[in-house]
Each structure stands twice: as C-alpha cells, then as structure tokens.
Amino acid sequence: MKETLIGSVVDGRYLITERLAGGGMAVVYRARDKRLERDVAMKLMHPHLAEQPNFTERFNKEARAAARLSSPYAVSVFDQGVWGSQAYLIMELIPGPDVRSELTRLGSFSLRTALRITEDTLCALAAAHNAGLIHRDVKPENVMLAAPLAAPTVLEESEISAKVTDFGLARAVNAASAASSTAMGTVAYIAPEVITEGASDARSDLYSVGIMLYELLTGELPYQAETPIRTAYMHVNDPMPRVGEIAEWMPPAVDSFIATLTAKNPEDRPMDGSEALASLRALLPTVPPEAGIRRIPVIGKVPPSHQNATLIDTPELTTKTAPMNTARLNTEPAEQPSAPSRTKRRWIVPIIVLLIALTGAAAWYFLDGPGQRVTVPDVTGQTTAEAHDLLEAEGLTVNESEQYSDTVPTDHVISSNPSAGSRIHPDSDVSIAISLGIEQVKVPDATGKDLQAAEALLGESRLEMATEEAYSETVEEGVVISQDIDPDSTVDHSTTLTLTVSLGREPFEVPNVTEQSKDDAIAAIEDANLTAAVEEQYSDSVSEGVVISQSPEDGTLFKGDEVSITVSKGPEPIEVPDVTFESKDSAIETLEDAGFEVKVDELYGGILGVVRFQNPEGGSLTSPGTEITISVM
1 MKETLIGSVV
11 DGRYLITERL
21 AGGGMAVVYR
31 ARDKRLERDV
41 AMKLMHPHLA
51 EQPNFTERFN
61 KEARAAARLS
71 SPYAVSVFDQ
81 GVWGSQAYLI
91 MELIPGPDVR
101 SELTRLGSFS
111 LRTALRITED
121 TLCALAAAHN
131 AGLIHRDVKP
141 ENVMLAAPLA
151 APTVLEESEI
161 SAKVTDFGLA
171 RAVNAASAAS
181 STAMGTVAYI
191 APEVITEGAS
201 DARSDLYSVG
211 IMLYELLTGE
221 LPYQAETPIR
231 TAYMHVNDPM
241 PRVGEIAEWM
251 PPAVDSFIAT
261 LTAKNPEDRP
271 MDGSEALASL
281 RALLPTVPPE
291 AGIRRIPVIG
301 KVPPSHQNAT
311 LIDTPELTTK
321 TAPMNTARLN
331 TEPAEQPSAP
341 SRTKRRWIVP
351 IIVLLIALTG
361 AAAWYFLDGP
371 GQRVTVPDVT
381 GQTTAEAHDL
391 LEAEGLTVNE
401 SEQYSDTVPT
411 DHVISSNPSA
421 GSRIHPDSDV
431 SIAISLGIEQ
441 VKVPDATGKD
451 LQAAEALLGE
461 SRLEMATEEA
471 YSETVEEGVV
481 ISQDIDPDST
491 VDHSTTLTLT
501 VSLGREPFEV
511 PNVTEQSKDD
521 AIAAIEDANL
531 TAAVEEQYSD
541 SVSEGVVISQ
551 SPEDGTLFKG
561 DEVSITVSKG
571 PEPIEVPDVT
581 FESKDSAIET
591 LEDAGFEVKV
601 DELYGGILGV
611 VRFQNPEGGS
621 LTSPGTEITI
631 SVM
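Quick note on numbering: the sequence shown equals residues 1 to 633 in the UniProt record's numbering.
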C-alpha cells in the first residue's frame with residue numbers, strides 16, 4: 001500500500017490522514033469521517049484479494065454480520081464498502097496501542113494485567129459466539145488497548161481496557177477461499193483441529209486465547225520452531241508447557257485454566273466464550289494479591305516473523321507427508337564390460353552392512369530413541385492414585401492441578417493433557433486436572449431487600465434464584481420476606497435459593513350483612529378477617545337486634561380493617577299518658593291516640609266508669625303499640 005493514499009478521500013466521505021498499521025490482508029489508516037466529523041479507523045484490503053471468486057460479496061456479508069455485534073469489549077464496525085477494487089471497513093478508532101506492541105515493549109505482563117486482558121477478550125468472544133460469530137484469528141495484534149500499560153516497575157498498575165478487533169474478517173477470507181480447502185489463522189495460535197481437519201468453531205477461538213495468555217505471562221510462545229509447518233506439528237502433537245515450570249509462584253489454577261483452554265481435543269475445552277469467561281471469573285478471586293502484581297522478568301523482543309505467518313492449505317499439510325529422501329539401493333549393479341565379477345561381489349557386503357546398520361538405527365530411533373511413542377491411557381474418572389499408577393507405568397511424568405467439577409467426584413481425574421489416546425514420548429509430562437468436587441458457596445441474606453437487589457446479590461454468589469409470593473402485613477410489596485435456605489449456610493454453587501417476595505397486605509372482600517342478626521353479622525365480618533364496629537339506633541321498620549345498614553357496603557379491605565354496622569333497637573319508646581280518674585271512654589281515646597293498645601279491666605262492675613289504675617303507669621316510657629291495662633271502677 002503506497003503512502004500516496006494519505007490525503008485521498010474514499011467514497012467522497014472518508015479523508016485518509018495517517019497510516020497506522022499494515023498486515024498480510026490489509027492496511028489500517030486513520031481517516032476523518034467528513035459527514036459525522038469524527039476520526040475513524042479504515043481497514044483497506046489489498047486489491048489482489050478482490051480477484052478471488054466472490055470475495056467482495058462474501059466480505060460484505062461477513063462485515064455486516066460483524067457490524068451487528070454489540071459489545072463494549074469489541075471494536076465497533078460502522079461502515080463497509082468497495083473503493084475501486086479494494087474492499088474496506090470503517091471501524092471505531094481506539095487511541096491506545098495493540099497488545100502485541102505493549103508485549104514487545106515490556107517483554108511480559110504481570111499476572112493481574114494478563115488476566116484482565118484475557119477477561120476483556122473473553123467478554124468480546126462471549127458476545128460474538130452468542131451472535132453466531134467466530135473470530136478465527138485471536139492474537140495480541142487483534143486486541144487493542146485504550147492506553148499504554150504502566151511500566152513493570154510501577155506497583156500501581158493502570159486501569160486496563162481491552163477491545164478485540166477484526167471480528168468476521170477471518171471468516172470472510174475463509175469463505176472466499178473455501179473451494180481450495182484453505183484454513184486461515186495465525187500459525188502460532190491456531191487450534192489443532194484447524195490444522196488436521198480445517199474446521200473451526202467457538203472452541204478454536206478459546207484455544208487461541210489460551211496460547212495468548214501463556215505468551216502474555218511468559219513473553220514467549222509455547223510452540224516455536226524454525227518453520228510454520230513444524231510449529232503446526234507441535235500444536236497437534238506436543239504437550240502444552242506449564243507457566244509454573246518457569247515461575248514457581250504462579251498459582252496452579254492459572255496453569256489449569258490455560259490447560260483447559262488449550263486441550264488438544266475440542267471436547268475438553270469450554271463450549272464457548274461465555275463458559276470460558278465464567279471459569280476465569282471463578283478463578284480471579286482465588287489469585288493472591290501478591291501474586292497478581294508479579295511478572296516473569298523478560299526483556300522485550302520481537303518474535304520470529306514466521307510465528308505470525310498465515311497458515312494456508314492446512315489439510316494438505318497434515319494429510320500429505322513428504323517422501324523420505326532415500327536413495328534406491330541396487331544390490332545388482334549394472335554390468336560393466338571391463339569389470340571382473342568379483343568387483344560386483346566386493347560391493348554387496350558393504351551394502352548389506354549399511355542396510356543392517358540403517359535398520360538398527362531405525363529400530364533404535366522408534367523403540368528407544370527420540371521417535372519412541374507411548375499411548376496416553378484414559379485416566380478420566382480414575383482416582384488420583386489410580387491415574388498416577390496408569391501414567392507412571394508408561395514412564396510418563398504426572399503433573400497435577402485442581403479445579404472444581406459439577407460431575408466428577410472429589411479426588412478423581414477430570415481430564416488429562418495430552419488427552420487419552422495421544423501418542424507421546426515416554427519422558428513427556430502429562431497434566432491431570434483433579435476434581436475438588438462441586439464448588440461450595442455461602443448463602444447470602446436476601447431478606448428485607450427488594451427483588452432487584454436480591455437478584456444482584458445472588459448473581460454475585462452464583463446461586464440460582466426462584467421466587468414465590470405471599471401477602472404480608474409487615475413487609476411492603478416487592479420486598480423479600482424470607483428464603484428457604486438459612487443465610488451463611490454452605491451449599492453447591494448450582495443450588496436454587498427460593499425467595500418469598502411480599503405482595504403487601506392481603507385484601508379481603510367485604511361481606512353483605514344487612515338484615516342479619518347482630519351476632520350473625522359480627523361472625524360473618526370476622527370470618528372475612530375484618531373487624532366489626534357496632535352502632536345501635538331505633539327503627540320503626542327493622543326489628544330489634546337486626547342490622548339496619550353497614551359501611552362500606554361492598555368492595556375490599558385489608559386484614560383487620562373495620563366494617564361499621566348499625567343494629568336496630570326497635571321502635572323508639574314514647575311516654576304513656578296518665579289517664580287515672582278519667583272516664584273510661586276518655587281514657588281509651590287518649591291512649592289509642594298516643595299509639596297504644598287498651599285493655600279494660602272493670603272493678604266492681606265498673607259502675608262509676610272512672611279509671612282508678614293503669615299499667616304501665618302514666619309518665620313511663622314504652623314502645624308504641626304496647627298494651628295499656630286500665631282498671632275502671
């Protein structure tokens with residue numbers, strides 16, 4: 001790519017202002033988006049890639065897929081297009097250097113820095129894998145930093161923010177060359193199955209992350225050879241070295257995590273970025289702070305150029321082996337007319353001796369020498385002691401690491417690296433991951449917290465959450481009343497904690513008790529979990545002791561709320577007129593006019609016709625209609 005492009009305007013919109021980096025497939029420029037008035041990164045693909053069949057179409061398709069990826073840990077893709085014959089991408093401009101530049105400058109990273117960069121990388125891959133995207137070229141060059149890292153001598157490390165770039169590009173280039181069975185990737189980071197089968201998935205990205213983490217910690221790649229083909233061979237056949245062999249202080253769990261990511265068999269790795277991220281985040285709290293700030297002292301260096309070569313035609317590399325450069329030996333040389341017959345016989349003996357020597361050398365090489373191989377036995381599910389016996393019987397050296405497992409019992413083997421069935425030299429090391437059993441966590445106290453706060457609390461504890469609802473007279477709506485496991489209990493990390501969440505005070509329907517007796521009405525109200533408040537009043541129409549009215553008449557109230565009822569005391573009593581010494585007829589008329597019934601009791605025949613006595617007496621109070629008895633003399 002020529003520097004004369006600086007100052008060019010692409011598609012009338014992007015002004016190229018500075019060359020930032022160059023690579024095998026493209027050159028990255030800083031450009032000014034004149035329409036939105038912002039600086040962007042432009043990746044301009046080399047023109048020769050456009051000559052490959054359907055490259056532009058596939059490139060555009062994959063670029064659109066990458067643009068759909070939304071993650072704060074991935075470099076955003078804003079636009080794509082073709083300028084002349086060159087496809088281009090417009091991406092978010094990251095102000096800091098890439099991780100490769102910083103690794104070259106510093107030599108190696110502290111454990112905490114390396115794990116933080118790995119965590120951000122896995123965050124980006126988790127989002128990509130969930131969106132159906134595979135990166136296919138994870139390496140330090142494709143991880144950008146927001147700012148340079150602090151020097152190794154500074155104890156207070158700077159805040160680290162990393163973003164992964166080039167999502168979808170490796171997939172686009174692969175698609176363009178699929179017809180020739182080409183597998184793309186950087187040989188130093190490429191997964192074994194990509195080399196042997198030409199196939200990759202999310203687990204292939206995780207293999208590259210494991211290789212990168214090893215390099216960030218040690219300052220060197222785990223597999224390095226004179227040629228890319230030899231390096232690829234090492235990925236497929238050689239065991240993954242342990243960082244702990246270089247630094248005794250390295251926590252074994254870190255090596256175990258790297259070994260899991262770089263397992264030769266993809267089935268032994270996490271399924272995708274989300275699962276790997278969860279494993280890393282479970283590991284981080286176990287790293288002692290004093291180990292986190294330590295680093296392996298390495299002087300900065302530039303790795304051999306072939307380690308970053310793009311591996312092409314991988315299936316052919318692994319399925320076609322070059323014939324040995326062995327000369328054909330003729331035990332019957334062509335006759336020489338001038339040579340005597342004993343000359344022929346003189347050469348036969350040395351040739352036979354040479355053949356015997358070669359056969360012996362070959363036998364030594366493969367039976368006792370560097371070519372000797374044994375098969376790694378299957379020790380998964382065995383106890384630690386049983387695994388040692390099986391592996392050491394083959395002459396292998398056993399290295400142990402520990403990790404939690406939901407399925408493998410304590411003190412049993414989860415996996416081995418190299419995996420079962422691998423052919424390795426008997427002096428090789430085999431790393432076995434020993435189960436600590438199901439990880440135990442402490443149950444938090446979620447009572448008294450609102451549901452959102454309780455969810456966050458359980459998320460930190462990595463417990464599953466279920467909810468039930470119940471009414472409460474004392475706990476407001478939406479707040480946790482209780483939980484089914486006591487706080488501070490220790491349980492399996494996958495345990496489900498059931499929270500009972502308040503619905504607030506329980507409402508009750510108000511019963512209709514009008515025209516019921518007082519006692520029946522009170523009983524009905526109390527059966528509805530409400531309280532009866534009784535008032536009484538006279539009524540000419542409602543019998544005494546019967547409910548005249550209630551308040552409220554219907555609707556709902558909360559437990560213990562009052563329902564007021566008015567109970568009849570019957571008709572209001574009136575004063576009885578005094579009719580003594582009145583004539584019989586006058587007395588009867590007076591009492592009946594007052595609303596009473598009259599009964600006449602005649603004394604001595606009632607000759608005088610005068611009222612001498614009355615019952616009830618005059619001036620007393622009684623109900624209208626009461627019978628008044630008058631005694632007439």
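Backbone N, C-alpha and C fix where the C-beta goes; we use that ideal spot for every residue, glycine too.
| Query | Result |
| --- | --- |
| Validate contact between the stretch 261–274 and the stretch 241–253 using beta carbons, cut 8 Å, 3 pairs | no |
| Inter-residue spacing [alpha-carbon to alpha-carbon] between glycine 96 and tyrosine 214 | 22 Å |
| For alanine 521, the nearest candidate out of Ala528, His135 and Val513 (CA to CA) | Val513 |
| Separation of alanine 528 from proline 571, as counted between CA atoms | 31 Å |
| Terminal residues of the alpha helix (DSSP H) in which glycine 273 lies | 273–283 |
| Leucine 497 and isoleucine 485 closer than 7 Å at C-beta | yes |
| Unbroken beta strand (DSSP E) run spanning proline 148, endpoints | Per DSSP, proline 148 belongs to no beta strand (DSSP E) and is neither H nor E. |
| Simplified DSSP assignment, three categories, for lysine 584 | helix |
| DSSP three-state assignment for tyrosine 14, whether helix, strand or coil | strand |
| Environment of histidine 48 [buried if 16+ CB atoms lie within 10 Å] | exposed |
| DSSP bridge partner residues for alanine 26 (one or two, in chain order) | Met45 |
| Spatially closest choice to aspartate 593 from Ile160, Gly609 and Pro624, by CA coordinates | Pro624 |
| Closest by C-alpha distance to valine 601, when choosing among Ser541, Ile630, Thr580 and Leu217 | According to the sequence shown, residue 601 is aspartate rather than valine. That would be Ile630, whose Cα lies nearest to the Cα of aspartate 601. |
| Which of helix, strand or coil DSSP assigns to proline 593 | The residue asked about is misnamed: residue 593 is aspartate in this sequence, not proline. Here aspartate 593 sits in helix by DSSP. |
| Residues bridged to methionine 91 (per DSSP) | Ala41 and Val77 |
| Threonine 474, DSSP secondary structure in three states | coil |
| Cβ-Cβ distance between glutamate 536 and lysine 569 below 7 Å | yes |
| N-terminal and C-terminal residue of the alpha helix (DSSP H) that valine 546 is part of | Valine 546 -> no alpha helix (DSSP H), and no H or E assigned at all. |
| 7 Å Cβ cutoff met for valine 77 and alanine 67 | yes |
| DSSP three-state assignment for glutamine 382, whether helix, strand or coil | coil |
| Euclidean distance between Cα positions of arginine 100 and glutamate 141 | 5 Å |
| Contacting residues, own chain, Cβ-Cβ under 6 Å from lysine 599 (five flanking each side not counted) | Glu627 and Thr629 |
| Burial state of phenylalanine 613 (16 or more Cβ within 10 Å) | exposed |
| Short Cβ contact (7 Å threshold) for aspartate 429 with threonine 397 | yes |
| Paired residues, beta bridge with valine 600 - DSSP | Ile630 |
| C-beta contact flag for alanine 232 and valine 187 at 7 Å | yes |
| Unbroken alpha helix (DSSP H) run spanning lysine 518, endpoints | 518–527 |
| Cα-Cα separation between glycine 210 and valine 143, rounded to whole angstroms | 14 Å |
| Helix, strand or coil at methionine 240 [DSSP, three-state] | coil |
| Alanine 162 and isoleucine 117 closer than 7 Å at C-beta | yes |
| Lysine 139 classed as buried or exposed, judged by whether at least 16 other C-beta atoms fall within 10 angstroms | buried |
| Residue span of the alpha helix (DSSP H) that contains alanine 253, given as start and end | 252–261 |
| Under 7 Å between C-beta atoms of isoleucine 432 and alanine 387 | yes |
| Candidates Ser8, Gly12 and Met25, of which the one nearest glutamate 18 by Cα | Ser8 |
| Per-residue DSSP class, three states only, for valine 610 | strand |
| Residue closest to glycine 107, alpha-carbon to alpha-carbon, out of Ala127, Ile160, Gly219 and His129 | Gly219 |
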